[in-house]
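Report on one structure; see the data block that follows.
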Amino acid sequence: MRPICAVLLVVAACGDDGGAVTPDAALDAPAAPGDTLPSGCDYVEARDATNDNVAPATGTAELTGLGLGGGRTVICGAFEHTHFDGDITVDIDAYRVTFDGDVLVRIAGAGAEAIELVGVDIYGGAAFDQRLGAVTFYGGHGVTALRVPAGTYELLPFALASQALAATVPYRLSVERATPCAELTTGGYAEANDGAASTGNDVVAFPSGAPTALTTSPADLPEATALTILPTVSTRITGSAADVAAADRYEDKDTFAFSTGSATNELAVRVGWSGPANLDFYLFEEGSAEPVVRALGTDAGVEAATFSVKPGTGYWLLIGAKAGGTGLPAAYSATLCPTAFAP
Ligand SMILES: [Ca+2]
Ligand SMILES: [Ca+2]
Ligand SMILES: [Ca+2]
Ligand SMILES: [Ca+2]
């Protein structure tokens, strides 16, 4: 995805200083005595015109020199409205930040919600070409959780749209230490309405080669958990992914309806199970078959994601067993950890 960047960085990493790109050069905006930064900013975007390193652009990441010594660090930048490429790219910026362990990466900025697609891609590896995570702006901001070894990583905030923005949109990109939510092992809402055919709570179909769609069955309904999730109050949902002959990309699909409280704008979901089954989960706004979150990892036994949600909104959590695998039926346990973030 980033061939030009990768090539340039490999050259630099080999010690060849012959080119114009010198990622090991001095910091882009070094802190100096007397420097004043805007309130709440640890670094301010310094060279917008040359910090896009996604091919075919040939920029380089800004070397912020930031770490997580204070537990949280904030980059203040902007999606510029002046250099839309005529296709889909409004602005891409890249920054290097050093961190480790469990962190949350967030992006927030008033006005960003009106841009067609805003997010942050997170890269690591010697050539910064391994995509380790991604933030999607949804609701009032965007967030994702990462667990990484100590190192320097590249954060790429991007704004994509079919036309230029009318005005520049400032954003704040932050990295902060976080404690992953603890898995609950007892209690919670238990799947109750799947029926003998395990189709009573399917709700969404995943046809091969076609978009997700509401099922045509009038008989299936989301499980009415009656849960309204509130910040810092974890909840649990359990069920069984049955071994059924699937007509689409998933065998058993179980959908659970819940709502966010008026202050809840982030949610971490961890789905755990035993055995070799491959479970995934999706989040939909209530009544919609278009996912707002897809958790499709292949790690055996656990699927987890942290993302932003809209306060006071009805959602469906769908847990599905990938078709064609083994290990079904599989009992699963989902822990939902809601939080409130003030952008
Ligand atoms: Ca830029
Ligand atoms: Ca920018
Ligand atoms: Ca089930
Ligand atoms: Ca089901």
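The sequence shown begins at -18 in my numbering and counts up by one.
Note that the Cβ used here is the ideal one computed from N, Cα and C, for glycine as well.
Taking the alpha carbon of residue i as the point to measure from, which residue in the options has its own alpha carbon closest?
i: A285; options: A177, V274, S20, P19; result: V274
i: A312; options: T160, F265, A222, F109; result: A222
i: S179; options: G123, G100, A276, A200; result: A200
i: T236; options: S189, G242, G301, T216; result: G301
i: D33; options: A281, D102, I218, E267; result: D102
i: I42; options: P138, C22, T17; result: For the record, residue 42 in the displayed sequence is Ala; it is not Ile. Among P138, C22, T17, the Cα nearest to that of A42 belongs to P138.
i: F322; options: G21, A171, H122; result: H122
i: F288; options: V116, E157, T79, D68; result: V116
i: L18; options: D29, T31, V55; result: V55
i: A276; options: A107, K303, G220; result: K303
i: E172; options: E97, E204, T294, D110; result: E204
i: V250; options: D280, A163, Y231; result: A163
i: G181; options: N259, G220, F118; result: G220
i: A258; options: G242, T279, L248, A244; result: T279
i: F118; options: D110, F109, E94, A107; result: E94
i: G329; options: V84, H64, D66, G67; result: This structure does not reach residue 329, given that the chain is present from -18 up to 324, and the question cannot be answered.
i: G305; options: S189, Y231, G67; result: Y231
i: A226; options: A281, L309, A191; result: L309
i: S155; options: A244, L260, V283, I88; result: I88
Residue range of the beta strand (DSSP E) that residue i falls in?
i: I300; result: 295 to 303
i: Y313; result: 311 to 320
i: T70; result: 70 to 73
i: G57; result: The amino acid occupying residue 57 in the given sequence is Cys; Gly does not appear at that position. Note, C57: beta strand (DSSP E), 53 to 60.
i: G230; result: Just to set this straight, residue 230 is Arg in the shown sequence, not Gly. From DSSP, R230 is part of no beta strand (DSSP E); its letter is neither H nor E.
i: D261; result: 260 to 266
i: T206; result: 204 to 210
i: G82; result: 76 to 89
i: I103; result: 98 to 105
i: V156; result: 150 to 158
i: T125; result: 123 to 141
i: P272; result: 272 to 276
i: Q111; result: 111 to 117
i: T219; result: 216 to 222
i: V184; result: Per DSSP, V184 belongs to no beta strand (DSSP E) and is neither H nor E.
i: L250; result: Residue identity differs from the one stated: residue 250 is Val in this sequence, not Leu. 247 to 254 is the span of the beta strand (DSSP E), which, as asked, contains V250.
i: F165; result: For clarity, residue 165 is Leu in the given sequence; the question names Phe instead. Careful: L165 lies outside any beta strand (DSSP E) and carries neither H nor E.
Sorted by chain position, which residues of the same chain lie with C-beta nearer than 7 angstroms to residue i's C-beta, five sequence neighbours on each side aside?
i: A147; result: H62
i: G90; result: V150, P151, Y152, R153
i: P272; result: T193, Y263, L264, F265
i: G268; result: none
i: T206; result: Y170, I218, F237, A238, F239
i: R28; result: D9, E43
i: T213; result: T320
i: S189; result: D229, R230
For residue i, verify whether its CB is less than 8 angstroms away from any heavy atom of ligand 4.
i: D74; result: no
i: T180; result: yes
i: D229; result: no
i: D261; result: no
Tell whether a beta-carbon distance below 9 angstroms holds between residue i and residue j.
i: T45; j: V86; result: no
i: L246; j: T320; result: The identity of residue 246 in the sequence shown is Asn, whereas the question assumes Leu. Yes, the pair counts as a contact, with Cβ atoms nearer than the cut-off.
i: L136; j: Y76; result: yes
i: V78; j: F60; result: no
i: A186; j: D229; result: yes
i: G253; j: S215; result: no
i: V99; j: L113; result: no
i: G132; j: G92; result: no
i: G242; j: T209; result: yes
i: L165; j: T39; result: no
i: G52; j: E157; result: yes
i: Y134; j: F80; result: yes
Does any heavy atom of ligand 2 sit closer than 8 angstroms to the C-beta of residue i?
i: A148; result: no
i: A90; result: The question names Ala, but residue 90 in the sequence shown is Gly. No, ligand 2 has no heavy atom inside 8 angstroms of this Cβ.
i: G190; result: no
i: G58; result: yes
i: E172; result: no
Just to check, is the beta-carbon of residue i closer than 8 angstroms to a non-hydrogen atom of ligand 1?
i: G40; result: yes
i: E61; result: yes
i: D33; result: yes
i: A30; result: yes
Considering only residues of the same chain and omitting the five flanking positions on each side of residue i, which have a CB-CB separation below 6 angstroms?
i: G58; result: E26, D74, Y152
i: G295; result: S240, E267
i: D183; result: T196, D201, K234
i: C318; result: C162, S215, A249
i: V283; result: G253
Any heavy atom of ligand 3 inside 8 angstroms of the beta-carbon of residue i?
i: A222; result: yes
i: D405; result: For residue 405 there is no data in the structure shown, the boundaries of the chain being -18 and 324.
i: D280; result: no
i: E164; result: no
i: D175; result: yes
i: E135; result: no
Once the 5 residues before and after residue i are set aside, which same chain residues still bring their CB inside 8 angstroms of it?
i: S143; result: I69, E97
i: A6; result: Here A6 scores only 49 on pLDDT, less than 50, and its place in the model is too uncertain to base an answer on.
i: G21; result: V55, C57, R153
i: S198; result: T180, D183
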